[in-house]
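Below is one structure, written out as structure tokens; the observations come after it.
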Amino acid sequence: GTNDLISESNNWDEISKFKGKKLDIFGIDYNGPCKSKYMYGGATLSGQYLNSARKIPINLWVNGKHKTISTDKIATNKKLVTAQEIDVKLRRYLQEEYNIYGHNNTGKGKEYGYKSKFYSGFNNGKVLFHLNNEKSFSY
1 GTNDLISESN NWDEISKFKG KKLDIFGIDY NGPCKSKYMY GGATLSGQYL NSARKIPINL
61 WVNGKHKTIS TDKIATNKKL VTAQEIDVKL RRYLQEEYNI YGHNNTGKGK EYGYKSKFYS
121 GFNNGKVLFH LNNEKSFSY
């Protein structure tokens, strides 16, 4: 059978190149108010892989202290990677190592406290993506 992908995007030219093609989808699904499946994620053309995975370097600042992270936990074997894939892997890493959402029962992140709405030491954060074309975006 076939599956339909419906995208919410303001860039039709970018989305239309996927029509009729096989895709790699990376995302986290969630249920909407109807029988449809929704996903936060991104799509790339299938078959566009590197010979081996590359680590995505992350510059992390916690309470003003800088640290560069290079780990297999934030890596991909795709030639073109979506921001959503990096975001999901980064958040998973930050939860495992810093307990940003609280309640991971590992004891990690205790030094940052428990006074936030997430029962961790973090009330807010920002992810800033630097693209190869020198543009950037954040959320």
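By the count of UniProt numbering, the sequence shown reaches residue 139 at its end, each step adding exactly one.
For each residue, glycine too, the CB sits at the ideal point set by N, CA and C.
All values reported here derive from a predicted model rather than from experimental measurement.
- Residue state for Ile25 is assigned as strand, using DSSP reduced to three classes.
- Note that the C-beta distance between Leu50 and Lys22 is not below 8 Å.
- Shown here, Ile15 sits in a helix according to DSSP, grouped into three states.
- In this structure Asn31 is exposed. Its beta-carbon is surrounded by fewer than 16 other beta-carbon atoms within 10 angstroms.
- Cβ-Cβ distances below 6 Å link Tyr93 to Lys73 and Ile74 in the same chain, with the five nearest sequence neighbours on each side left out; the list follows chain order.
- Secondary structure note for Tyr40: its beta strand (DSSP E) is the uninterrupted segment Lys37 to Leu45.
- Per DSSP, Lys89 is one residue of the alpha helix (DSSP H) stretching across Ala83 to Tyr98.
- Secondary structure at Ile6: coil, using DSSP grouped into helix, strand and coil.
- Per the C-alpha coordinates, the member of Ile28, Gln48 and Thr71 positioned closest to Asn77 is Gln48.
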